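Colleague:
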Amino acid sequence: MFLSVCNINTSYIYYFVGASLVINSSWKNPSGQWHVGCKLVYELFTDTLTSRVKKERKRRWDEENQEAIAEAVKQLDQFDKKHTKVEGAHLKMVREDLQNRVDLLRKQADSYDDKGPVIDAVVWHDGELWRAALDTQSLEDESGCGKLADFVPLTNYRLEQKHGVFSKLDACTCVLNVYNERNILSIVTDSSPHATHVAGIAAAFHPEEPLLNGVAPGAQIVSCKIGDSRLGSMETGTGLTRALIAAVEHKCDLINMSYGEPTLLPDYGRFVDLVNEVVNKHRLIFVSSAGNNGPALTTVGAPGGTSSSIIGVGAYVSPAMAAGAHLLVEPPTEGLEYTWSSRGPTVDGDLGVSISAPGGAVAPVPTWTLQRRMLMNGTSMSSPSACGGVALIVSAMKAEGIPVSPYTVRKALENTSIPIGALPEEKLTAGQGVMQVDKAYDYMQKVQNLPCVWYQVKIKQAGITSKPTSSATSRGIYLREPLYCHQSTELTIAQVYKTQTRIHLEIIYSPKRRKCYLQAEDQITVTNQGEAGCFEDGMRT
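Under UniProt numbering, the first residue of the sequence shown carries the number 1, and numbering increases by one thereafter.
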């Protein structure tokens, strides 16, 4: 919202839309300058909320319109009873006017179009901070409600963590931020109930109703909106970058991102570079949803299932969840992944899914939904469930003085998870299995004095060069196409350790079809800094 400047010495503001706003006399404004603007409120609401508000406003309008029609018909009827014969130009004009009034009131219902109410905003400097207030009288049904003077002034949310509500009709909360030296007012609202639900899974805290608690009750949350309501809540590069900066500035321990979509290039791009910096340099633990596009292979989404620095989480359902949340008459006898939970590997050979966590929950939703809680399913739910579990582990580690590292925490999670299913390919869906908070913490206690080793594996296939849609290197060996089973392939594997020591493994093999396995040649040549070694035993992958 762009603002214009008004200088006043009275308690009223008159500005270009012809409106007058009453200023609260207790508001401090040493400069006497008031920056004023207006906004169409439907541009701030979700489609669901807009639909509900429109429906309610239409109902109220219909009631008022029907009352007006009834009154117009009554006046016309009274005129006809009084004047059995309409003679004279004046009487004919009066009756015609009454009839036109009835016709117009009846016709306007067919052309009803609610463009939405307009709210007014005022920004000023109180001598210490920029503050803003909203006038929402156009949203209120009761006269005198929603006046500017009755709005509790807000400043940038990060400074005081206070929010406001537009009106009783919408019950929609908002926060305000002033940018560009008071010339722009940002009114921040939800793009959907999704984020509130996710936050509730991770850290909801209800001391009087513990059953409503999240996984890590009371964990402190820094809320960063990355979805743009104008784009159907799609995240933007600017929003993602700002969120990562905020996480580093506020010295967060964990990041949860229940967002994602397919990508052509896994583990690639500006955002991935920033994530790598956040994890590797600033030591934050990044958890994200793997995606909901299963059960086909290679359906993991970005960034959760495709980025090496992120712990990608799949969606698990236990027999108790299946019976309680989904009301299955015959729930499965054992826990399993939801069929829609995305599967690996990534197109460049990475596993894709790291661990799994419960993929559904009944959790809080915003007040504008007119519900307290809602059941939602998805890896968007499994990710905060895992993140809440990691928060418990990190909290315990800090209490015990155990150094926290994103690498050791991830290693603990993956090494202590309970596998889902007995087949090796189950790891493509469930990762290493269902995370175990208690076992992961026990693991951290045992290995806290061991050195932390961080490394990357890069594989280069001979004869392959970078293209706009692919990279010359990959993170694993993924022989997806049939042609790879009928020709020899030469690969170079490089392990990059935290100490930047490079060990190059040059593996030359000719795969042979044997049931569902690939068998390498009997000889593997390993080179390191010009020295070569030869292994005669075969290697099976």
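Where a beta carbon is used, it is the ideal one built from N, C-alpha and C, also for glycine.
None of these values were measured; they are calculated from a predicted model.
1. Would you tell me roughly how many angstroms separate the C-alpha atoms of lysine 85 and aspartate 77, rounded to the nearest one?
2. Report the rounded CA-to-CA distance for aspartate 97 versus lysine 168, giving the unit in angstroms.
3. Could you check the C-alpha separation between serine 20 and alanine 132 for me, to the nearest Å?
4. So, for valine 175: in the same chain, excluding its five sequence neighbours on each side, which residues have a beta-carbon less than 6 Å away from its beta-carbon?
5. Can you tell me which residues form a DSSP beta bridge with methionine 257?
6. Among residues of its own chain, excluding the 5 on either side of asparagine 276, which ones have a beta-carbon nearer than 7 Å to its beta-carbon?
7. Are the segment 322 to 329 and the segment 275 to 293 touching by the rule of at least three beta carbon pairs closer than 8 Å?
8. State the Cα-Cα distance for the pair methionine 435 and glycine 232, rounded to the nearest angstrom.
9. Could you tell me the distance, in whole angstroms, from the CA atom of threonine 196 to the CA atom of glutamate 235?
10. List in chain order: all unbroken alpha helix (DSSP H) runs of 4+ residues lying wholly within the segment 132 to 210.
11. By Cβ distance below 8 Å, which residues in the same chain neighbour valine 222 in space, the five residues on each side in sequence not counted?
12. Could you check if cysteine 485 is buried or exposed, using at least 16 other CB atoms within 10 Å of its CB as the buried criterion?
13. Between which residues of its own chain and valine 404 is the CB-CB distance below 6 Å, once the five residues before and five after are set aside?
14. Would you mind working out which of Ala216, Pro303, Ala149 and Leu351 sits nearest leucine 392, comparing C-alpha positions?
15. Quick one: Cα of valine 22 to Cα of glutamine 137, how far?
16. Whose C-beta lies closer than 6 Å to the C-beta of glycine 200 among residues of the same chain, with five residues either side of it excluded?
17. Name the residue from Trp368, Ala290, Val437 and Thr416 whose alpha carbon lies nearest to the alpha carbon of serine 51.
18. Grab me the residues of glutamate 56's own chain with a C-beta within less than 8 Å of its C-beta, minus the 5 sequence neighbours each way, in chain order.
19. In the DSSP assignment, what residue or residues form a beta bridge with cysteine 38?
20. I'd like the ranges of any beta strand (DSSP E) spanning at least 3 consecutive residues and lying wholly in the segment 407 to 489.
21. CB-CB under 6 Å to isoleucine 508, same chain, minus the five flanking residues each way: which ones, in chain order?
22. Checking 9 Å against the spacing of the C-beta atoms, do alanine 202 and glutamate 261 come in under that value?
Modeller: Working from what's here:
1. 13 Å
2. 39 Å
3. 17 Å
4. Tyr157, His163 and Val188
5. Ser288
6. Ser309
7. no
8. 33 Å
9. 16 Å
10. 157 to 160 and 194 to 203
11. Ala246, Ala247, His250 and Cys252
12. exposed
13. Val394 and Met397
14. Ala216
15. 12 Å
16. Gly214, Ala363 and Pro364
17. Trp368
18. Leu169
19. Asp120
20. 455 to 461
21. Because isoleucine 508 sits at a pLDDT of 45, beneath the cut-off of 50, its placement in the model cannot be relied upon, and the following sentence gives the value as read from the coordinates. Closer than 6 Å at Cβ, skipping near neighbours: Glu490.
22. no
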